[in-house]
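Residue numbers (UniProt numbering): 1 to 225.
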């Protein structure tokens, strides 16, 4: 995870601009996650944002649920600093710089959300971490994740990757994609097929598991405790 941390420390200041040139339909993906949260607009629920980055998910949570209380967690200090700046006009957001694998909450949250973070864990760690997320939640709480996913067959995996590269080439040179972004993906990312995530969530104790949005290599999925 140190390599991932260093990567995000270096890119924090340009992350918001960069992410829209790397992740296709990024805004749609974020909006889909927010719309999946089954709360009344004025409800004062507690939300845990794992790998909060610069605070994009938390900002949209506050826009839709102004009374929501959020705990933002990220490993990179520069990311936390950017999130604090972006969300500085809210007094009910807590910022924690930590490795989210070391958190030990027990039934404290109504919702756990994450975006483009959990795929940095090894597959077995992703599977086991879903059980920990389940423990973070109150009974009836929900978890939704927006992240990289793989296709379920070699052909689909290749097709998804081709579509992602096609999008990046609209915004970056072929040299940059081949020498920077694809190597980072191969070295730092450990995505799994979406069908695996669905099974892992069920095994972790979630029900009403569903995929609320998907575009080739990117998806939003989750369930209820």
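The beta carbon of each residue, even a glycine, is placed where N, CA and C say it ideally should be.
The continuous alpha helix (DSSP H) containing residue 200 extends over residues 194-203.
Per DSSP, residue 91 lies in no beta strand (DSSP E) segment and is marked neither H nor E. Residue 33 sits away from residue 112, with the two beta carbons spaced by 8 Å or more. Residue 75 and residue 198 have their C-alpha atoms roughly 26 Å apart.
Spatial neighbours of residue 107 in its own chain (CB-CB distance under 6 Å, excluding positions within 5 residues in sequence) are listed in chain order as 138. The shortest C-alpha to C-alpha distance from residue 179 to any of 165, 219 and 17 is the one to 165.
Residue 137 carries a strand assignment under DSSP once its states are collapsed to helix, strand and coil. Fully enclosed beta strand (DSSP E) runs of no fewer than 3 residues occupy 109-115 and 137-148 of the segment 94-167, in order along the chain.
The way I'd put it, the segment 205-218 does touch the segment 20-31; three or more beta-carbon pairs between them come closer than 8 Å. Inclusion of residue 83 and residue 53 in the CB contact set at 8 Å is warranted, their separation being smaller than that value.
Within its own chain, the residues whose Cβ lies closer than 8 Å to the Cβ of residue 39, once the five positions on either side in sequence are excluded, are 45, 65, 68, 110 and 111, listed in chain order. Shown here, residue 70 sits in a strand according to DSSP, grouped into three states.
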